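Just so it is clear: in the sequence shown, position 127 is 127 by the UniProt record's numbering, and no numbers are missing.
A short worksheet on the structure shown next.
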Amino acid sequence: MRVLVTGGAGYIGSHTVLALLAAGHDAVIADDFSNSKRTVIPRIEELAGRAVPVHEVDLTDAAATEALFAAEQFDAVIHFAGFKAVGESVAKPALYYRNNLDSTLAVVEAMQRHGVHRLVFSSSATVYGEKAPVPYGEGWEFLEATNPYGQTKVIVERILTDVAAVTEGWKVALLRYFNPVGAHASGRIGEDPNGIPNNLMPFLSQVAVGRREKLTVFGDDYETADGTGERDYIHVVDLAAGHVAALEHLDAMTEPARAFNLGTGTGTSVLALLHAFERAVGRELPYVVGPRRAGDLAASYADPTRAREELGWTARLTIEDMCADTWRWQSANPEGFPDDEPATAPGA
Ligand code: WQD
């Protein structure tokens, strides 16, 4: 299938583009590069051994989004594009609702006008809120979020479910990610957050390359095995494979819209991840224990049964793989993607 990948220059998007191409699909990237560097594109093409069409577009601009769909023929859309920093969303809620909802609505309406009826949406386990029991099951109906970013995911799931219910032929997979980490085994692409990383793994890897002085562990008094927060870390390469599996399952879906957890089903604590990463790096990393971070849960991990049974997908890569691949990327690219790099011929 020819797939539009919105946000395809981003961390998960770029890995998913590679997985789509490897599975024999065609991919077209649409990105505004607000949270990614253009130099990821030649690296994607280098790894894929072929050119990848890219459209620089602000998807909140309905006219520009329509022009994109008029210029290309898509069989499906994988929609990653959106702002995703929890803390920033608390400080700038209007920006997050405007960007994440307007871009989704522009894409949805263009899909309807152009007869594109397959959609995979990048949702998040954050929609389970604070009351759902772990491990999280997709049947939990009281979706909520404690921050505007997470709330945009709840709202977009609702929008897509309502549109799919009344639009002929629509099939939508709502993929609820847990904690994506890791990098392509080549070390040529990986996570490269703007500014100070909010998330644990990129912060850890920046400590290891000397960009950050030390890790602060946000609390060690949780009701968990070692007192630190437990999360379901999933390798971004497994996550990308989950998107391909969901895409290829859409036509067989009996419901217009359906949620799927993409997680391992296993929780790993902050300290356990820290020590696993130290083993990958080959030395101890400096850390201090600080206060809990507002809004953090003690534990969050998936019941991954539905994706296994219905998508035929299971996470395969281990915490050790996640740490080794992250370290290979970060140590080869201490400053992340360069701001500019001569374009390499595809397959060079
Ligand atoms: C993981 C653990 C922290 C940083 C977030 C978003 C979620 C999703 C994934 C998009 C927690 C601890 C972290 C640090 C620490 N994003 N930690 N020191 O909060 O589980 O989820 O990213 O969809 O929506 O909420 O991920 O990596 O920030 O935290 O101790 O410097 O690491 O307390 O226990 P989180 P995280």
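Beta carbons: idealized from backbone N, C-alpha and C, even for Gly.
In this text, all values refer to a predicted model and were calculated from it rather than measured experimentally.
Practice problem: Determine the extent of the beta strand (DSSP E) in which Y177 is found, giving its start and end residues. | Solution: 171 to 177
Quiz item: Expressed to the nearest angstrom, what Euclidean distance is found between the alpha-carbon atoms of T305 and V57?
Solution: 37 Å
Quiz item: If you follow the alpha helix (DSSP H) that residue 363 is part of, which residue opens it and which one closes it?
Solution: The structure shown does not extend to residue 363, since the chain is modelled only from 1 through 348, so no value can be given for it.
Quiz item: So does G195 have its beta carbon nearer than 7 Å to some heavy atom of ligand 1?
Solution: no
Quiz item: Taking the C-alpha atoms as reference points, what is the distance between I29 and A225?
Solution: 42 Å
Self-check item: Reduced DSSP secondary structure (H/G/I, E/B, other) of Y96
Solution: helix
Quiz item: DSSP puts F260 in a beta bridge; with which residues?
Solution: L175
Quiz item: Which one of G139, R118, H117 has the shortest CA to CA distance from residue 355?
Solution: Nothing in the structure corresponds to residue 355, since the chain is present only between 1 and 348.
Practice problem: Compare the C-alpha of M322 against each of R188, H235, I159, E46 and name the closest. | Solution: H235
Quiz item: Based on Cα-Cα distance, which residue from L21, N199, T216 lies nearest to N179?
Solution: N199
Quiz item: In chain order, which continuous runs of the alpha helix (DSSP H) of length 4 or greater are located wholly inside the segment 178 to 254?
Solution: 200 to 208, 236 to 249
Practice problem: For Q206, I'd like the list of residues in its chain whose CB is within less than 8 Å of its CB, leaving aside the five on either flank, ordered along the chain. | Solution: P197, R212, Q330
Quiz item: Taking 7 Å as the cut-off, is the CB of R211 close to at least one heavy atom of ligand 1?
Solution: Remark: the shortest separation between the CB of R211 and any heavy atom of ligand 1 does not fall under 7 Å.
Quiz item: Going by DSSP, what residues sit across from I78 in a beta bridge?
Solution: According to DSSP, I78 bridges with V5, V120.
Quiz item: Hey, how far is the Cα of A348 from the Cα of R43?
Solution: Summary for A348: the model assigns pLDDT 47, below 50, so the residue's position carries little reliability, and this model does not support an answer.
Quiz item: Which two residues bound the contiguous beta strand (DSSP E) that contains G290?
Solution: 287 to 290
Quiz item: To which residues of the same chain is H275 closer than 6 Å at the C-beta, ignoring the five residues directly before and after it?
Solution: There are no such residues.
Quiz item: Just to confirm, does G150 get its C-beta within under 7 Å of one of the non-hydrogen atoms of ligand 1?
Solution: Yes, ligand 1 has a heavy atom inside 7 Å of this Cβ.
Quiz prompt | Per-residue DSSP class, three states only, for V17 | solution = helix
Quiz item: Under a three-way DSSP split, which group does V57 fall into?
Solution: Coil, per DSSP.
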